[in-house]
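Report on the structure given below.
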Amino acid sequence: MDLFYITSFVLSIISASTPLLLAASGELITERSGTLNLGVEGMMLIGAIAGFATAHDTGSALLGVLAAAAAGIAISLIFAVLTQTFLANQIAAGLALTIFGHGFAALLGAGYVGIAAPTLPKLAFPLLSKIPFFGPVLFNQNILIYFSFAILACISWFLRKTHAGLILRAVGDNHDAAHAMGYAVLKIRYGAIAFGGGMAGIAGAYLSLYYSPLWSQDLASGRGWIALALVVFSAWRPYWLLAGAYLFGGITYLSLYLQGLGVLIPAPLISALPYFGTIIVLVLISRDRRRTRLNQPACLGKSFHAVV
Amino acid sequence: MFRLEPRGERSTFWTYGSPVLAVLLTILTMGAIFAVMGAPPVTAIETFLISPITSVAGLSALAVRAAPLIIIGVGLAFCYRANVWNIGGDGQFTLGAIAGGGLALLFPNEAFWWFYPVVLVTGILGGMAWAAIVAALKLRFNANEILTSLMLVYIAQLVLVWLVTGPWRDPHGFGFPQSAMFSAGATTPMIFSGTTIHLGCLLAPLLAIVLWQVMARSVLGFQLRVVGQAPRAARYAGFSNARLTWIALLVSGGLSGLAGIIEVTGPVGQLTTSITPGYGFTAVIVAFLGRLHPVGVIFAGLLLALSYLGGDAAQINLNLPNAITGIFQGVLLFYLLGADILILYRLKRVNPAAPVTENS
Chain G
242 MDLFYITSFV LSIISASTPL LLAASGELIT ERSGTLNLGV EGMMLIGAIA GFATAHDTGS
302 ALLGVLAAAA AGIAISLIFA VLTQTFLANQ IAAGLALTIF GHGFAALLGA GYVGIAAPTL
362 PKLAFPLLSK IPFFGPVLFN QNILIYFSFA ILACISWFLR KTHAGLILRA VGDNHDAAHA
422 MGYAVLKIRY GAIAFGGGMA GIAGAYLSLY YSPLWSQDLA SGRGWIALAL VVFSAWRPYW
482 LLAGAYLFGG ITYLSLYLQG LGVLIPAPLI SALPYFGTII VLVLISRDRR RTRLNQPACL
542 GKSFHAVV
Chain S
15 MFRLEPRGER STFWTYGSPV LAVLLTILTM GAIFAVMGAP PVTAIETFLI SPITSVAGLS
75 ALAVRAAPLI IIGVGLAFCY RANVWNIGGD GQFTLGAIAG GGLALLFPNE AFWWFYPVVL
135 VTGILGGMAW AAIVAALKLR FNANEILTSL MLVYIAQLVL VWLVTGPWRD PHGFGFPQSA
195 MFSAGATTPM IFSGTTIHLG CLLAPLLAIV LWQVMARSVL GFQLRVVGQA PRAARYAGFS
255 NARLTWIALL VSGGLSGLAG IIEVTGPVGQ LTTSITPGYG FTAVIVAFLG RLHPVGVIFA
315 GLLLALSYLG GDAAQINLNL PNAITGIFQG VLLFYLLGAD ILILYRLKRV NPAAPVTENS
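In the order they appear, the protein sequences are chains G and S.
Letter 235 of the first sequence, counting from 1, is numbered 476 in the numbering used here, and no numbers are missing.
Letter 46 of the second sequence, counting from 1, is numbered 60 in the numbering used here, and no numbers are missing.
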């Protein structure tokens, strides 16, 4: 295989992995604060249409990304109010967010089906982008791909090295102790949920403004759920998330590649590969109960209500 | 300012009052959404919630839509009571349709009276098999059932697409992605001639009552509730968590499969790529709105069935996208979850000027 094919192969994997990485990075922070938000798929869809509509109406893809983040945050706050202030069951509230997101995105997007919007431009570094292989892969990508790496590094640094990160982890591992130490558990969780919403929204914008790049009702096609599985896969550690997202990007690419080859396996069954892979990965990773218990935020999914 | 104060016990009034409050708030919110979209709110709500059921045809359409929601919903209510989060009802529905439908396609000329029951049982087994994967992975490998059951929804849908575009495609179907129509021997019987009400509409409330009795009166039902509400107590009492997880998933999977096979051998009449408008997900709302109680599920199933009819009516009469069905369902669940706090807490007025006094 010559360099051209290898380059396009690596580019395709990066392209397919980025939405998973973006959405999962946000959910990682949400879950580290002790909140399980199953609404990633819904927030992605809302972000996708908000981004697409804004980019179409203003002519700026970057404004679209900002709008997508804002929309993701806005809708995640519904979840935050329900689960944090009204102490609702997080599983049910997350599902409600996904169902609502599907409907709301379809409603907002009714007028945007089958039309084009400006797509995210590539940010080429002068000279560097001309290097064979490394140029196109590392120095000529769209801005959200750079962003996905930068934000992951920030998250890792934040969780390991900063005081605020330590507080976030404390809230996720023992909200009663964190509360007793005077930290505002609910405010921190609101923030973590909003961050997750914003990232899911950006992941949606990546799909509608770059990957697809069109609006359709089933644009997310389970990516939000795969992102949730990736957080479990990573055992709530940022760099493992990177590995997981790229593994899944690889599987997604493989399924597209096999379909293109016209191998004997029928196309719909090949499309099932990423979902099948998610199950396999979940099984492999959850098998070790001790490891899961060790890494999982101890308060994940539990409501907190201070008596005083 | 208001403050939440624990009641110390569950409020019976708000257990049943909260769904009513949620429905009222949802109707008000839908009115606001209609107004924003430029439709007169009162007329729009009338079109959405009342006009679909003002005729006999409308009422029988409601029963047909409610049947799968109730059948899946009672199964999910049963499952959620045990704290097992099966949200893959749509996948089990699809597998039921594939398994039973496959049998019906295999013997297109079978006309014996027992053939249809065999098709139904095959559908149930198909749904059970799909849920059994979830149970096995959860118990053997500790894999999260929410994620595995959901992934199986996507896989089931793609298997169905493969079957109706490949091996099971109707050779006389002009290339459309659909199977042959099911024969008369494998068709859901109609209950009232002249309407669309079929066997499933009758089975749905019957199954709800059976499951109600199982949950309320049997040892199994008791064990299920204890495992869900107090897992430690259940362990001390020696209840097998694995056995109850299996039962919860097999019952809900089997019921979803039954709903699937009834739907394709009834209203749909063949296997196509779109046999469910997300009944499995809507049934999650049905289960919660029905307070995880089979009788409540019947009422909730009817209301959410109405939201499908209302979406169609709004599309035809008011030119609104029928996506408002999904919005109605999502908003309803939001309000329900929010209002449910009143079951365990009461709102207490707090004067911000006065110092907060402790009462414990």
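Note that CB positions come from ideal geometry on N, CA and C, so glycine has one too.
In this text, all values refer to a predicted model and were calculated from it rather than measured experimentally.
Within-9 Å CB hit, residue i to chain S
i: L338(G); result: yes
i: N536(G); result: no
i: Q325(G); result: no
i: F250(G); result: no
i: K543(G); result: no
i: F293(G); result: no
i: H297(G); result: no
i: F489(G); result: no
i: L348(G); result: yes
i: S462(G); result: yes
i: Q500(G); result: no
i: Q458(G); result: yes
i: L303(G); result: no
Selection from the options that minimises the alpha carbon distance to residue i
i: V175(S); options: L510(G), A337(G) and L348(G); result: L510(G)
i: T283(G); options: L469(G), F545(G) and F399(G); result: The sequence given here has Gly at residue 283(G), not Thr. The shortest Cα separation from G283(G) among L469(G), F545(G) and F399(G) belongs to L469(G).
i: S249(G); options: A405(G), F374(G) and A315(G); result: F374(G)
i: V133(S); options: S197(S), V70(S), G189(S) and A81(S); result: S197(S)
i: Y130(S); options: G103(S), G280(S) and T339(S); result: G280(S)
i: L523(G); options: W182(S), G294(S), P185(S) and L151(S); result: L151(S)
i: I429(G); options: I492(G), A264(G) and T276(G); result: T276(G)
i: A75(S); options: L356(S), G315(S), R21(S) and G340(S); result: G315(S)
i: G463(G); options: N365(S), F16(S) and V167(S); result: V167(S)
i: W456(G); options: C395(G), G350(G) and A405(G); result: G350(G)
i: T29(S); options: R363(S), N365(S), Y359(S) and A49(S); result: Y359(S)
Chain G contact for residue i (CB, 9 Å cutoff)
i: P335(S); result: yes
i: M165(S); result: yes
i: A157(S); result: yes
i: P20(S); result: yes
i: I101(S); result: yes
i: F92(S); result: no
i: Y359(S); result: yes
i: T290(S); result: no
i: K362(S); result: no
i: F48(S); result: no
i: T162(S); result: yes
i: L216(S); result: no
i: Y30(S); result: no
i: Y168(S); result: yes
Amino acids of chain C, ordered along the chain, whose beta-carbon sits closer than 7 Å to that of residue i
i: I138(S); result: In the structure shown, chain C does not exist; the protein chains are G and S.
Under 9 Å by beta carbon: chain G residues contacting residue i
i: L260(S); result: Residue identity check: residue 260(S) is Trp in the sequence provided, not Leu. Those do not exist, as W260(S) stays about 17 Å from chain G at its closest Cβ, beyond 9 Å.
i: F295(S); result: L336, T339, I340 and H343
Chain-ordered chain S contacts of residue i [CB-CB under 7 Å]
i: N330(G); result: L351
i: H343(G); result: G340
Where residue i meets chain S, residues with beta-carbon distance less than 8 Å
i: A351(G); result: P335 and A337
i: A333(G); result: V298, F302, L347 and L351
i: T533(G); result: N156
i: L279(G); result: I160
Interface residues of chain G facing residue i [CB-CB closer than 7 Å]
i: V298(S); result: L336
i: L172(S); result: P509, L510, S512 and A513
Cross-chain neighbours of residue i in chain S, by beta carbon under 9 Å
i: H213(G); result: Any question about residue 213(G) goes unanswered here, given that chain G covers just 242 to 549.
Closer than 8 Å at the beta carbon, the chain G residues around residue i
i: L151(S); result: I520, L523 and V524
Q) Should the region 238 to 250 of chain S be regarded as contacting the region 106 to 114 of chain S, the criterion being three or more beta carbon pairs within less than 8 Å? A) no
Q. Going along the region 338 to 356 of chain S in order, which residues come within less than 9 Å of chain G, judged by CB to CB distance?
A. I338, T339, G340, I341, F342, Q343, G344, V345, L346, L347, F348, L350, L351, G352, A353, D354 and I355
**Q.** Contact set between the region 174 to 194 of chain S and chain G, restricted to residues whose Cβ is under 8 Å from the partner
**A.** V175, W176, T179 and G180
Q.
Under 9 Å, CB to CB, which of the residues in the region 466 to 480 of chain G have a partner in chain S?
A. W466, I467, L469, A470 and V473
Q: Mind checking the region 508 to 530 of chain G against chain S and listing, in chain order, the residues whose C-beta falls within less than 7 Å of any C-beta there?
A: P509, L510, S512, A513, Y516, F517, T519, I520, L523, V524, S527, R528 and R530
Q: Kindly confirm or deny that the region 281 to 297 of chain S and the region 167 to 186 of chain S touch, where touching means at least three C-beta pairs closer than 8 Å.
A: yes
Q. Pairing CB atoms from the region 435 to 452 of chain G with CB atoms from the region 262 to 282 of chain G, are three or more of them under 8 Å?
A. yes
Q. Of the residues that make up the region 310 to 325 of chain G, which ones have a beta carbon closer than 7 Å to any beta carbon in chain S?
A. I319 and L323
Q: Pull out every residue of the region 419 to 445 of chain G whose Cβ sits closer than 7 Å to any Cβ of chain S, in chain order.
A: none
Q: Indicate whether the contact test is met: 3 or more Cβ pairs, each with one atom in the region 35 to 42 of chain S and one in the region 342 to 353 of chain S, closer than 8 Å.
A: yes
(Q) Check whether the region 296 to 316 of chain G and the region 443 to 459 of chain G are in contact - that is, three or more C-beta pairs closer than 8 Å. (A) yes
Q. Using 8 Å as the Cβ pair cut-off and three pairs as the minimum, do the region 253 to 271 of chain S and the region 96 to 107 of chain S touch?
A. yes
Q.
Any contact between the region 327 to 340 of chain S and the region 335 to 351 of chain G? By contact I mean 3 or more CB pairs, one from each, below 8 Å.
A. yes
Q: Check whether the region 304 to 315 of chain S touches the region 78 to 93 of chain S, taking contact to mean three or more Cβ pairs, one atom from each stretch, closer than 8 Å.
A: yes
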